[in-house]
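Quick note on numbering: the sequence shown equals residues 294 to 418 in this note's numbering. Every residue, glycine too, gets a C-beta built ideally from N, C-alpha and C. Since the structure comes first, as structure tokens, the remarks are kept for the end.
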Amino acid sequence: MTLCILRSVSAVACAFLALSATSQTLASPPPATYNQILVDTQRISNEYQLMTAMGARPVVLDLVGFGKGSDAFFQRGHRKDEIGFVCMNPTFKGGAMTGTIVRTEVSPDTGRFYFLKDCAPMRKK
């Protein structure tokens with residue numbers, strides 16, 4: 294906006310610049326699907342780079358509980374991939390959902406866990 298004041302740029306151009314800057318800062322990445330998470334998990338071996346790529350990333354998943362008292366879930370049909378998800382919302386029970394990755398860590402069996410916040414069932418259309 295300083296440019297608009299100092300150089301007498303047209304009001305229309307200033308408005309466009311202001312809106313462009315606002316939309317760029319408000320834009321968030323589209324939600325990642327399980328397949329995208331799987332590819333990135335297999336592709337990135339460095340913990341720091343993986344957290345940088347995955348942290349604060351919105352996701353759309355269809356989760357099923359591991360059972361036996363575990364609070365972890367797996368993507369429906371992909372139990373053997375060794376990728377688990379833990380929802381920080383204790384009332385979440387599984388199913389088609391949206392959430393946001395907040396952290397990741399290696400599981401004891403060489404798999405990977407993603408911890409999710411804002412786990413919520415997807416609304417039926």
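{"Check": "Cβ contact check for the segment 385-392 and the segment 340-357: 3 or more pairs under 8 Å", "Outcome": "yes"}
{"Check": "Beta-carbon spacing of Q368, F378 below 9 Å", "Outcome": "yes"}
{"Check": "Which listed residue (M415, R372 and T384) has its alpha carbon closest to that of F406", "Outcome": "R372"}
{"Check": "Whether F408 touches R416 by CB criterion (9 Å)", "Outcome": "no"}
{"Check": "Where the beta strand (DSSP E) containing I394 begins and where it ends", "Outcome": "G388 to V399"}
{"Check": "DSSP three-state assignment for K410, whether helix, strand or coil", "Outcome": "strand"}
{"Check": "Where the beta strand (DSSP E) containing A365 begins and where it ends", "Outcome": "A365 to Q368"}
{"Check": "Backbone CA spacing between F366 and F385 [nearest angstrom]", "Outcome": "10 Å"}
{"Check": "Under the three-state DSSP convention, the category R372 falls into", "Outcome": "helix"}
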